[in-house]
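Those protein sequences? They're chains P and Z, same order as listed. Under my numbering, the letters of the first sequence match residues 13 to 498, in that order. Under my numbering, the letters of the second sequence match residues -9 to 443, in that order. Report on the following structure.
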Amino acid sequence: MTVTFLILLLLVFAAAGFFLGRGRALAAAQGDARRLHSLPNYYGWYGAIMAFLPALAVLTIWVVAQPIFIERQISGIFPVEQFAVEADRILLMADIRRVALGIDSAVAAGALSAADAIALNVESDDVRARLSEVGVALGSAVTAEVLQAAQRYRELAGTGALFRSIFTILVAVLALAYAIKITHSAMRARNRVEMVVLGVLMLASTVAILTTIGIVLSMLSETYRFSTMYPFGDFLFGLTWSPTFQGNSQLGLLPLLWGTIYITLVAMLVAVPTGLFTAIYLAEYASPRVRSVVKPLIEVIAGIPTVVFGLFALVTVGPFLREWIAEPTGLGTSGSSVMTAGIVIGILNVPFISSLADDIMNAVPQSLRDGSYGLGATKSETVRQVILPAALPGIVGAILLAASRAIGETMIVTMGAGASAKLDLNPFEAMTTITVKIVSQLTGDLEFNSAETLVAFALGMTLFMITLGLNVFALWVVRRYREQYE
Amino acid sequence: MTDATATTSPQNPARPAASLLQQTDRMKRRNAAEARFKAYGVAAICLSLSVLFIMLWTIFSDGLSAFRQATFSFPVTLDAERLDPNGNRQRDEMMRVTTIGYGGLLNDNLIAYLAERGIATDGVTDKEIAAFISRDTPARLRFMVLEDPSLLGQTIRFEGYATGRIDGYLKGRVTREIAELDVNVSVAQLDLADRMVEDGLLSLKFNWGFLTNPDASDQRPEASGLGVAMIGSAYMMLLVALMVLPLGVSASIYLEEFAPKNRWTDLIEVNISNLAAVPSIVYGILGLAIFINFAQFPQSSPLVGALVLTLMTLPTIIIATRAAIRAVPPSIRDAAMGVGASKMQVVFHHVLPLAAPGILTGTILGLASALGETAPLLLIGMVAFVANYPAGPLDGGILDPATALPVQVYSWASRADPAFIERSAGAIIVLLAFLLIMNIVAIVLRRRFERRW
Chain P
13 MTVTFLILLL LVFAAAGFFL GRGRALAAAQ GDARRLHSLP NYYGWYGAIM
63 AFLPALAVLT IWVVAQPIFI ERQISGIFPV EQFAVEADRI LLMADIRRVA
113 LGIDSAVAAG ALSAADAIAL NVESDDVRAR LSEVGVALGS AVTAEVLQAA
163 QRYRELAGTG ALFRSIFTIL VAVLALAYAI KITHSAMRAR NRVEMVVLGV
213 LMLASTVAIL TTIGIVLSML SETYRFSTMY PFGDFLFGLT WSPTFQGNSQ
263 LGLLPLLWGT IYITLVAMLV AVPTGLFTAI YLAEYASPRV RSVVKPLIEV
313 IAGIPTVVFG LFALVTVGPF LREWIAEPTG LGTSGSSVMT AGIVIGILNV
363 PFISSLADDI MNAVPQSLRD GSYGLGATKS ETVRQVILPA ALPGIVGAIL
413 LAASRAIGET MIVTMGAGAS AKLDLNPFEA MTTITVKIVS QLTGDLEFNS
463 AETLVAFALG MTLFMITLGL NVFALWVVRR YREQYE
Chain Z
-9 MTDATATTSP QNPARPAASL LQQTDRMKRR NAAEARFKAY GVAAICLSLS
41 VLFIMLWTIF SDGLSAFRQA TFSFPVTLDA ERLDPNGNRQ RDEMMRVTTI
91 GYGGLLNDNL IAYLAERGIA TDGVTDKEIA AFISRDTPAR LRFMVLEDPS
141 LLGQTIRFEG YATGRIDGYL KGRVTREIAE LDVNVSVAQL DLADRMVEDG
191 LLSLKFNWGF LTNPDASDQR PEASGLGVAM IGSAYMMLLV ALMVLPLGVS
241 ASIYLEEFAP KNRWTDLIEV NISNLAAVPS IVYGILGLAI FINFAQFPQS
291 SPLVGALVLT LMTLPTIIIA TRAAIRAVPP SIRDAAMGVG ASKMQVVFHH
341 VLPLAAPGIL TGTILGLASA LGETAPLLLI GMVAFVANYP AGPLDGGILD
391 PATALPVQVY SWASRADPAF IERSAGAIIV LLAFLLIMNI VAIVLRRRFE
441 RRW
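In structure tokens:
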């Protein structure tokens, strides 16, 4: 029985549990629902939950544990000293699994009979060719050992699947029987069902925590592996970035970090004045009608996918800057440059800064404005001398959040900033960022045991740390500010 | 008037007497500063809006032509001798005639048709005429004939794509000056193309293939389409909606209605607001490490893409859902409690239905942002070249390799042939159309069902 079928079966059990539980409760109350502690449906739900959840838990644990168990068993066939590195063992296991699954799908497709599959051997059959007939491609020819291991794998997996079905169904039936047995008119079915629902809600809320743990763990472990292959100090303080496929790569973080910071700087030089003046105009000057038209239009910018801005940088902004500024002044010949990416990211961040700053300025109490006007200040003087200082912490928070977004921006820099890692001051030169290099090291065919690939995880870790630090700091600033007027 | 006394009797001898009606230098400066300040605001708004419009304008002017395609339409005699030498009409025997054979047949027919219509071909060799027809076209003709062998021996009116350069010439992208420098096309060919257009043999037609074809290789921009990308995006959006809605709503209900105020809840809340600001590419790394390397899910599959996008949109959905739940006034909860409902019943029978429009609006907007997300999908391999349609959603199609709309935009933009830039912009138009529809649905939902208490 496949897992899908088992789950469907459990759902059928659950439906049966619902009617059995409800019927049992109503029977206990002689058909008078008023004598029950809870509404009749709660007894039904209790039955359904008991039939479904424990069995599902067993099934989940089984599905996770079985491959681990089988792998333990099988690696006994191969002597430990055969593997110099852990990665080789993993590769071999993947091979065995693929052969086993291939034979299974050959049997399922009817290309092999079940008896033939067991009788397969390396001398008389070309296992690789037969498997490729059913669409399972193998990297190399199958050795006798691998085939033997694969057969053992199939055997264990088959037994495992049988016991899995028996055990799951058994648990479902037992739990349902228990539920029916304890169902009587005074049982607090509603409270029990609500407990379970609350548990499910609580679990859902921990997904956010699990995601963070997943991010941190996955990057930490790979970063650790990277640090065993490449000196970590050289990574953090190296001035050259030149990965090669033959090894001997120089993987220094600093050129990438510099590119990232430079582009973010340019982006902020565009986004902060534009965003702030937009916010000031919308909050203090614009009539309600203008505001109701302009504000959504500005926010359209935030809703456009970044890849669109990337294409815009690549096709329009880059060539424009090259032809009108970089080439006439002799500063550069490249369409992709710090300026290109910086300006486009800056525009992308305008709505972000303007809507945050707008909210913050609207939160400044009217009494402060009135006081300022009463002293004879003009509107701009009020903005500059009263509102902006009052809103400053919030605005700083908004700018920091925008900077963190600019640092993490990927598509615009991938398409508009270029790929050459260098430490340079010329803004019309192509430079590269951390995110660009993560993309370029992690796309294409990957080998997860080379420093050139794993460095991407270290870069990701750096990026995560920088943006997380900025976010935490920004949120702290914003929160501290908000308390002042509430 | 109080001002009048101030002007008539200056308290401060250093300050010159002035009238409100007569501006002093200082007032002029202040008013000028005021006007400047206001102008900066207008300029800032004009700057960002004009960039927005320039961007949309360039994309539409580049991309709209992707929806039209230079197409040949001429009679083709399907010579049975050439396409089925044995004459048995057996599929496997006919399979032996490759696309090269069909290409030759098409070329001969085209040349014959040109002669018949009296279109002068001076200066253009037969080989160059053959180069007018896209390499994709013989394959399509072959497929047509293999599907329906009874066509053999007949003369059919066949429509086929022209190559990218001729297509570009008809759309104005390729000019004679460019052709002189281009080894792939000659000026004489362009002249011939003009005569073909005059004759009606060659014309721009609406390009359905752009919406339905899978991606094509570098040499055949004219045959590439968004079919696989749209299916991939549709699968992902479906899965994301199925996963993120229950997860997000459950988490929000717990945090908003049940969670005790303690350190654990605080941790979850801080976590969610931080996750909302984590760069999307980090989710790509997470997906690569956990779903592909650890859990061994197939690379480039919509399932992995959907899982990554779910985790990415979850924080925003939770934030929106919590706002919607919070907007339901406490009086409703109190009233329900007052007539004896349990806390859980209050939430599921009263709060949730009332918050539903807000939740749905937030979810649709979250899905829209997920639809446009590119960076994490690059890392899980969805940028790969996929020429086959994934299977149906019930036949395991969510595990087949696919691409997504924004990823297709990126991969076309990074190819050398300028014809792909047109395709890329065209793909953006399709993407923006979907985003527009989603946003309109969200706005309509909000307008129709939003309640103000």
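Positions of the beta carbon are idealized from the N, C-alpha and C atoms, including for glycine. Fair warning: this is a prediction, and the values are worked out from it, not measured in the lab.
One question on the structure: do Leu344(Z) and Ile322(Z) come within less than 8 angstroms of each other, judged by their Cβ atoms?
Taking 8 angstroms as the Cβ cut-off, Leu344(Z) and Ile322(Z) qualify as a contacting pair.
Which partner residues of Lys195(Z) appear in the DSSP bridge assignment?
Answer is Gln59(Z), bridged to Lys195(Z).
Could you tell me whether the Cβ atoms of Val282(P) and Gly354(P) are closer together than 8 angstroms?
Contact: yes.
For Val490(P), would you say it is in contact with chain Z, using Cβ-to-Cβ distances shorter than 8 angstroms as the test?
Closer than 8 angstroms: no.
Report the residues of the segment 54 to 68 of chain Z with a CB closer than 9 angstroms to any CB of chain P, ordered along the chain.
The residues in question: there are none.
At which residues does the alpha helix (DSSP H) containing Ile315(Z) begin and terminate?
Its alpha helix (DSSP H) spans residues 292 to 316.
Decide if Phe25(P) is buried, meaning its Cβ has at least 16 other Cβ atoms within 10 Å, or exposed.
Phe25(P) comes out buried.
So within the segment 197 to 246 of chain P, which uninterrupted alpha helix (DSSP H) runs reach at least 4 residues, ignoring any that extend past its ends?
Fully enclosed alpha helix (DSSP H) runs of 4 or longer: 201 to 241.
In angstroms, rounded to a whole number, what distance separates the CA positions of Trp254(Z) and Thr300(Z)?
Near 23 angstroms, if we compare the C-alpha coordinates of Thr300(Z) and Trp254(Z).
Please report how far the alpha carbon of Ser254(P) lies from the alpha carbon of Gln262(P), in whole angstroms.
Taking the straight line from one Cα to the other gives about 5 angstroms.
State the beta-bridge partners of Tyr151(Z) as determined by DSSP.
In DSSP, Tyr151(Z) forms a bridge with Thr61(Z).
Going by other Cβ atoms of all chains shown within 10 Å of its Cβ, with 16 needed for buried, is Trp57(P) buried or exposed?
Answer is buried; the Cβ neighbour count reaches 16.
Could you pull the start and end residues of the alpha helix (DSSP H) that Arg34(P) belongs to?
Per DSSP, Arg34(P) belongs to the alpha helix (DSSP H) from 15 to 40.
Beta-carbon within less than 8 angstroms of Phe247(P)'s beta-carbon, same chain only, minus the 5 sequence neighbours each way: which residues are those?
Phe238, Ser239, Leu263, Gly264, Leu265, Val467, Ala470.
Would you list, in sequence order, the uninterrupted alpha helix (DSSP H) runs of no fewer than 4 residues that lie entirely inside the segment 387 to 429 of chain P?
Correct list: 391 to 394, 400 to 420, 423 to 428.
Counting only Cβ pairs nearer than 9 angstroms, list the residues of chain P close to Ser332(Z).
Those within 9 angstroms of Ser332(Z) in chain P are Arg202, Asn203, Glu206.
Check the Cβ-Cβ distances between Met226(Z) and every residue of chain P, and say whether any is below 8 angstroms.
So, not an interface residue.
Terminal residues of the continuous alpha helix (DSSP H) containing Pro285(P)?
Element bounds for Pro285(P): 266 to 292.
Measure from the alpha carbon of Val451(P) to the alpha carbon of each residue in Met423(P), Thr474(P), Phe440(P), then state which is nearest.
The option with the nearest alpha carbon to Val451(P) is Met423(P).
If we call anything under 8 angstroms between Cβ atoms a contact, is Gln160(P) one with Ile227(P)?
Result no, Cβ atoms of Gln160(P) and Ile227(P) do not sit closer than 8 angstroms.
Determine the extent of the alpha helix (DSSP H) in which Val154(P) is found, giving its start and end residues.
Careful: Val154(P) lies outside any alpha helix (DSSP H) and carries neither H nor E.
For Gly31(Z) and chain P, any beta-carbon pair shorter than 8 angstroms?
It does: the Cβ of Gly31(Z) has a partner Cβ on chain P nearer than 8 angstroms.
Kindly provide the ranges of any alpha helix (DSSP H) runs that are 4 or more residues long and lie completely inside the segment 345 to 380 of chain P, ordered along the chain.
Within the segment 345 to 380 of chain P, the complete alpha helix (DSSP H) runs of at least 4 residues are 350 to 374.
At the level of alpha carbons, what is the spacing between Leu54(Z) and Gln12(Z)?
Approximately 59 angstroms between the Cα atoms of the pair.
Using a Cβ-Cβ cut-off of 6 angstroms (strictly less than) and excluding sequence neighbours within five positions of Glu83(Z), which residues of its own chain qualify?
Cβ within range, chain order: Asn76.
Restricting to Cα atoms, I'd like to know which of Val397(Z), Phe57(Z), Glu440(Z) is closest to Asn197(Z).
When each option's Cα is compared against that of Asn197(Z), the closest is Phe57(Z).
Cα separation between Ser404(Z) and Phe175(P)?
If I take the Cα positions, the gap works out to 52 angstroms.
Would you list, in sequence order, the uninterrupted alpha helix (DSSP H) runs of no fewer than 4 residues that lie entirely inside the segment 423 to 493 of chain P?
You should have 423 to 428, 446 to 454.
From Ala325(P) to Val356(P), what distance separates their C-alpha atoms?
Rounded to whole angstroms, Ala325(P) to Val356(P) spans 6 angstroms at the Cα level.
Beta-carbon of Glu234(P) versus every beta-carbon of chain Z: anything under 8 angstroms?
Yes, Glu234(P) counts as interfacial toward chain Z.
Could you pull out every residue in the same chain whose Cβ sits closer than 7 angstroms to the Cβ of Leu180(Z), ignoring the five residues on either side in sequence?
Only Tyr159, Arg166, Ala169 meet the Cβ criterion.
Show which residues of chain Z have a CB atom less than 9 angstroms away from the CB atom of Phe476(P).
Per Cβ cutoff of 9 angstroms: Val268, Pro269, Val272, Ile275.
Measure the CB-CB distance between Pro396(Z) and Val319(P) and report whether it falls below 8 angstroms.
Yes, Cβ-Cβ distance for Pro396(Z) and Val319(P) is below 8 angstroms.
Tell me which residues of the segment 313 to 327 of chain P have at least one Cβ-Cβ distance to chain A shorter than 8 angstroms, keeping chain order.
The chain inventory of the structure shown lacks chain A, comprising the protein chains P and Z.
Taking 8 angstroms as the cut-off, does the segment 165 to 185 of chain P touch the segment 53 to 67 of chain P (at least 3 CB pairs, one atom from each stretch)?
The segment 53 to 67 of chain P vs the segment 165 to 185 of chain P: in contact.
Assuming Thr393(Z) and Gly356(Z) are in contact, meaning their beta carbons sit under 8 angstroms apart, how far apart are those beta carbons, in whole angstroms?
Actually they are not in contact, since the Cβ atoms of Thr393(Z) and Gly356(Z) sit about 22 angstroms apart, beyond 8 angstroms.
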